[in-house]
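K.L.:
Numbering (my numbering), first residue to last: 57 to 107.
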């Protein structure tokens with residue numbers, strides 16, 4: 057999972073991570089990426105979700 061680089065974008069991914077972990081998903085960490093980086097890694101299959 058990735059999160060935005062701006063400060064107000066850091067709270068939402070933490071909530072999603074907690075909710076998804078309750079459903080049984082595991083995370084190796086949350087990556088902080090800007091828009092261009094996210095789309096590049098997403099197209100390559102390295103990042104699945106951006107909150």
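Beta carbons are placed, not taken as given, at the ideal position from N, Cα and C, and that holds for glycine.
Determine whether the beta carbon atoms of residue 94 and residue 58 lie at a separation below 7 Å.
P.N.:
Yes.
K.L.:
Could you check what DSSP says for residue 60 in three-state terms: helix, strand or coil?
P.N.:
If DSSP states are grouped into helix, strand and coil, residue 60 belongs with coil.
K.L.:
Who are residue 106's beta bridge partners in DSSP?
P.N.:
According to DSSP, residue 106 bridges with 58.
K.L.:
Given a cut-off of 7 Å, decide if residue 69 and residue 92 are closer than it, judged by their beta-carbon atoms.
P.N.:
No; because the gap between Cβ atoms is not below 7 Å, this pair is not in contact.
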